[in-house]
Amino acid sequence: MRATLEWKGSWQGLEHLRRLKVMQAEARTKRGHVTMTRLYTIATAVIIATVLTVATTVTTTTARGGQVAPEGAASCSSLASLMLVDTSITGAEVVEAGAFIPPGASGERALAAAARTYGSLPAFCRVTATLTPSSDSDIKVEVWLPVADWNGKYQAVGNGAFTGSIRHNSMAAALSRGYATSSTDTGHEGNTASFGLGHPEKVADFGWRSVHEMTVMAKAAIAAHYEEGLRYSYWNGCSAGGRQAMKEAQRFPGDFDGIIAGAPGNDWTGRAGASLRVAKPLEADESARLLVEKRQLVHEAAIKACDADDGVTDGVVSDPESCSFDPAVLQCSGTESDSCLTASQVNTVRMLYSSPENPRSGRPITGLYPGSELGWTDLGWTRSARDTGLEQFRYLTFADPEWTVDQFNFETDIVQAEEVDNDTLNALDPNLAPFFDQGGKLISYHGWSDPQISPANATQYYRRVVETVGGAEEVHDSYRLFMVPGMGHCGGGEGPSRFDMLTALEEWVEEGKAPDSILASRERDGVVDRTRPLCPYPQQAVYSGNGSTDEAENFVCQVR
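Sequential numbering of the sequence shown, starting at 10, is according to this note's numbering.
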């Protein structure tokens, strides 16, 4: 039987909760066999016991699947009365197995898509809330709690670009694996950065605060709903979600035991500037643009030049950092045609590959790599990269809705963007020692053929962490970066790009088994036609010289 409980508030308990919000940021001691996350959960449970005084059980209901909630656990509906600082619980209800439909979904096509995505989900308790850590905050959050077979773990999921919406599909993936899970709209609606115009608190919410506040709230709901304590907490995100991942590790090292950071946009303002640096001349000169045929031409030439550098000819550039492809070999010697590039088009390719120096820090603002050409557009980087770059400078750097790409000045605007951001969106702090000291484990991955966020964002940051924290060996014990040959932005591409980072992270955090390699596969027409090990950077998958080059077992991880 599931107990439905009534709660009454305590102002003393509210003060304890207020103090709890900063506990993790202040914690700096090693946690040994007892993780800070588990200590946090214990503290949360104690505080909730203070805040929420249990009255007598007033109603009972039967849980589905024969699972009985532990005595003393709060029912789903009673979570609507959960009292947390700066938090308004707006809903708490059980969603029947396979019955979830995302808000706003209507029409035959949308409902059919919802059935495909959510139709196999188990029953869960859906908690919705609004968080207001500042007077201008309006952070929407959802927490999903499995009704049965909870694995004792929590997985928060990340967002993308400037998107202000709950990531229900990512939550569904976590729930399917038995996790309690949460997502936030980062404090705004819509897909642009216009929310930040005149609203610095909303920019802070988007940059870092919403994710941390969501995590605090989700853990409190978990502690109230389940009698068993939370065992492990994980973050899983790619792109902007990768940036959020790094921000959590840097600012709130006690929030998560394990973090997955895919294609992290650490240098958010730098990437914005890099995309506009290429887009500006292309918007002014159509003849310098690369249409589909020319992008295909460049891609084929880059593959031809660098594919075999790793000893295997497989249609993928495995080590683009060592690729010396010069697009000048494609320059037309006479009349322009689809089989050659004009001088201005050669210059466009060079700009896309180049990594100009940041005028403020001297750090390279990294470009794209040979092998990424099929993801380019006629304005250079992906459309999303160009658009988010424009949004960044228009609304967040210059606060001018009329600002246009043709006004961009690389030398001065990059500096101003960093100064205005002031470590709000950028996740560049290389000191991960507090996260490592608390036992945290970080897995990052990035596709070498990513056309939206430079893969060198990941490799450059990793090297800076090694320099800052005290050497490769120490960093390797807590942080591993896996570069994925031939993969685009967060997935897809010509190389093996299907892998399970979450299981690798779970084994590392929970069993102490560090990932020395991770198996990746590629499917063609529904059939796996290639597998390959992903290796912790700077190692690469090196062919043993025997057996099929399409089988992972014939490769070893080593530094070339």
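Using N, Cα and C, we set each Cβ at its ideal position, and we do this for glycine too.
Need the endpoints of the beta strand (DSSP E) that residue i sits in, please.
i: serine 284; result: Taken as a continuous stretch (DSSP letters only), serine 284 belongs to no beta strand (DSSP E), being part of the alpha helix (DSSP H) at 277-293.
i: glutamate 532; result: 527-533
i: methionine 180; result: That residue, methionine 180, is in no beta strand (DSSP E); its alpha helix (DSSP H) goes 177-185.
i: isoleucine 269; result: 267-271
i: proline 542; result: 536-543
Can you list, in chain order, the residues of its chain with a C-beta nearer than 7 Å to that of residue i? Leave out the 5 residues immediately preceding and following it.
i: arginine 473; result: Pro439
i: leucine 543; result: Phe491, Val493, Phe508, Ser526, Ile527 and Ala529
i: proline 368; result: Glu420, Ile423 and Val424
i: alanine 123; result: Ile110, Pro111 and Ala114
i: serine 553; result: Asn563, Phe564 and Val565
i: glutamine 354; result: Ala297, Leu299 and Lys303
i: glutamate 222; result: Leu140, Pro142 and Ile148
i: arginine 218; result: Pro142
i: alanine 352; result: Gln340
i: serine 381; result: Ser458, Asp459 and Pro460
Return the chain-ordered list of same chain residues with a C-beta closer than 8 Å to the C-beta of residue i, the five sequence neighbours on each side being excluded.
i: arginine 489; result: Leu451, Ile452, Ser453, Ala523, Pro524, Pro545 and Tyr546
i: threonine 139; result: Thr96, Ser97, Thr99, Asp147, Ile148, Lys149 and Val150
i: leucine 1; result: The requested residue 1 is not part of the displayed model; the chain covers only 10 to 569.
i: glutamate 210; result: Ser143, Ser144, Asp145 and Ser146
i: glutamate 516; result: Lys522 and Pro524
i: glycine 187; result: Pro155, Asp158, Trp159, Asn160 and Lys162
Suppose you measure from the CA of residue i to the CA of residue j; what does that come to, to the nearest Å?
i: valine 326; j: proline 379; result: 7 Å
i: phenylalanine 402; j: proline 410; result: 10 Å
i: glycine 320; j: threonine 357; result: 30 Å
i: tryptophan 159; j: aspartate 316; result: 46 Å
i: glutamate 483; j: valine 551; result: 24 Å
i: proline 464; j: glycine 282; result: 16 Å
i: alanine 561; j: asparagine 555; result: 11 Å
i: alanine 130; j: glutamine 164; result: Here residue 130 is leucine; the residue named in the question, alanine, does not match the sequence. Answer to the nearest angstrom: the Cα atoms are 16 Å apart.
i: aspartate 323; j: tyrosine 471; result: 28 Å
i: glutamate 102; j: alanine 230; result: 13 Å
i: glutamate 175; j: serine 364; result: The sequence given here has isoleucine at residue 175, not glutamate. Looking at the two C-alpha atoms, the distance is approximately 34 Å.
i: leucine 120; j: asparagine 431; result: 43 Å
i: phenylalanine 407; j: arginine 125; result: 43 Å
i: tryptophan 390; j: valine 94; result: 43 Å
i: glycine 199; j: alanine 249; result: 15 Å
i: alanine 170; j: threonine 141; result: 22 Å
i: cysteine 85; j: cysteine 134; result: 6 Å
i: alanine 513; j: glycine 521; result: 10 Å
i: proline 329; j: tryptophan 457; result: 7 Å
i: methionine 255; j: threonine 433; result: 12 Å
i: serine 242; j: isoleucine 462; result: 27 Å
i: glutamine 549; j: glutamate 532; result: 22 Å
i: aspartate 266; j: phenylalanine 445; result: 10 Å
i: glycine 504; j: threonine 195; result: 33 Å
i: leucine 88; j: tyrosine 235; result: 11 Å
At the 8 Å Cβ level, is residue i part of the contact set with chain C, yes or no?
i: leucine 88; result: Among the chains in the structure shown there is no chain C, since it carries only a single protein chain.
What does residue i pair with, by DSSP beta-bridge criteria?
i: asparagine 466; result: Bridge partners of asparagine 466: none, in fact.
i: methionine 492; result: His455
i: threonine 139; result: Ser97 and Lys149
i: proline 111; result: Proline 111 is not bridged to any residue.
i: tyrosine 241; result: Lys162
i: threonine 565; result: Before going on, a small fix: residue 565 reads as valine here, not threonine. The partner list for valine 565 (beta bridge, DSSP) reads Val551.
i: glutamine 340; result: Leu350
i: proline 460; result: Paired residues: none, contrary to the question.
i: arginine 507; result: Ser530
i: alanine 173; result: Note on residue identity: the sequence assigns glycine, not alanine, to residue 173. BP columns for glycine 173 point to Gly199.
i: valine 103; result: Cys134
i: cysteine 247; result: Gly271
i: leucine 154; result: Cys134
i: glycine 502; result: Met496
i: proline 373; result: Glu366
In chain order, what residues of the same chain lie with their CB nearer than 6 Å to the CB of residue i, ignoring the 5 residues before and after it?
i: alanine 314; result: Phe334
i: alanine 189; result: Leu154, Tyr163 and Ile231
i: serine 191; result: Val152, Ala165, Met223 and Ala227
i: glycine 398; result: Ala281, Ser284 and Leu285
i: arginine 395; result: Ser284, Ala288 and Leu388
Go to residue i, then tell me how far its alpha helix (DSSP H) extends in each direction, as first and last residue.
i: tyrosine 188; result: Taken as a continuous stretch (DSSP letters only), tyrosine 188 belongs to no alpha helix (DSSP H), as it is neither H nor E.
i: glycine 521; result: Neither: glycine 521 is in no alpha helix (DSSP H) and is coded neither H nor E.
i: tyrosine 127; result: 117-127
i: threonine 224; result: 219-234
i: isoleucine 312; result: 301-315
i: asparagine 209; result: The residue you asked about is not asparagine; residue 209 is proline in the sequence shown. Its alpha helix (DSSP H) spans residues 209-213.
I want to check one thing, is the minimum distance from the CB of residue i to the heavy atoms of the ligand SAM below 7 Å?
i: serine 84; result: The ligand SAM is not part of the structure shown, which contains no ligands of any sort.
task: Any chance you could list the beta strand (DSSP E) runs of at least 3 consecutive residues sitting entirely within the segment 383-457, in chain order?
output: Counting only runs of 3 or more, we get 450-456.
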